[in-house]
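Note sheet for the following structure.
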Amino acid sequence: MVRGVLWGVFHVALIFLLMLSVKGLLLMEQRRNAEVTQGLSKAILEMLHIKKVSASVSRQAKPHPYMKRIYQHLESLEAEDFGGSDGILVQSFRSVDGPHHAPQGWIWFNISNLNPSMLGAELVLYRKTLHSRPLSVTVTLHSIIASQYNLNEIPALEERQLTLDQRPSSGYDVFNVSAVLAVQHLEVVGFQLRYTDESGSLVLHEALTQSLYCLNRGSLQEPLLVFYEARPFQF
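Just so you know, the sequence shown maps onto residues 0 to 234 in numbering that gives the first Met the number 0.
Next comes the structure, spelled out in structure tokens:
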């Protein structure tokens, strides 16, 4: 009888150990599956991240059409010089949102990483609209230098006549803004065009600027601020 009891206890213990082994194997399999799933998820996330970064880089790497003209001009200069100089340094900046305390109707650029060796600068605006009738206005270009808490307007940079029914041969109105380089520690700079008609009356400058020029950030022809290590090129 004792032998039968011992045999029964042995069977129960054996079954219990088998159950523990099976449970252990199941847990190991679940852990392995979880690790595989986690690895796949991580790989997918990394792939998505790489695609996102690549797309961002490709968008930023696509040059502004005006910069293409500059690159071509620089290449022609290098060909004429036969490698006799180190070339000309050029930096370009696309428009950004203005500071939170900035007024409306200005075109803003963050130039905090501007190379200090720059000597010339120009504001490049693509003329998208032509007036249906012969019409000219006088445009004065104004600028604001923005710091963390202050906005300082500097004297007018340029004044010229604009013929609204004719587009420049390049397609761009280019303004010399080299005077902003006289300001120390440039970070954010804004520009505004103010117009007067033939009678001398002030025109609604913000509405006319939006009508005349392509101002959409992220568009192919968005506003551009170009700095040169020498005098700006004349195309």
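Beta carbons: idealized from backbone N, C-alpha and C, even for Gly.
Asked: If you scan the region 182-211 from start to end, which runs of the alpha helix (DSSP H) of 4 or more residues do you find wholly inside it?; Found: 204-211
Asked: According to DSSP, what are the bridge partners of R93?; Found: L223
Asked: Would you mind listing the beta strand (DSSP E) stretches within the region 132-184 that are 3+ residues and don't spill past its ends, in chain order?; Found: 135-145, 150-162 and 171-175
Asked: Give me the Cα-Cα distance between L73 and L211, rounded to the nearest whole angstrom.; Found: 29 Å
Asked: Within a Cβ cutoff of 6 Å, which residues of the same chain sit near L156, ignoring the five residues on either side of it in sequence?; Found: L140, S142, V176 and A178
Asked: In the DSSP output, which residue or residues are listed as bridge partners for A120?; Found: F226
Asked: Taking the beta strand (DSSP E) that W105 falls in, what are its first and last residues?; Found: Segment: none, W105 is in no beta strand (DSSP E) and carries neither H nor E.
Asked: Put R126 into one of helix, strand or coil per three-state DSSP.; Found: strand
Asked: What is the DSSP secondary structure of H72, reduced to helix, strand or coil?; Found: helix
Asked: How many angstroms separate the CA atom of L248 from the CA atom of W107?; Found: The structure shown does not extend to residue 248, since the chain is modelled only from 0 to 234, so the question has no answer here.
Asked: For my contact list, H204 and L192 are in at a C-beta cut-off of 8 Å; report their separation, rounded to the angstrom.; Found: 6 Å
Asked: Could you tell me whether the Cβ atoms of V187 and V123 are closer together than 8 Å?; Found: no
Asked: Per DSSP, what kind of secondary structure is P98 in: helix, strand or coil?; Found: coil
Asked: Taking the beta carbon of S94 as the centre, do at least 16 other beta carbons fall within 10 Å, making it buried, or is it exposed?; Found: buried
Asked: For I153 and I144, what's the separation of their Cα atoms in angstroms?; Found: 7 Å
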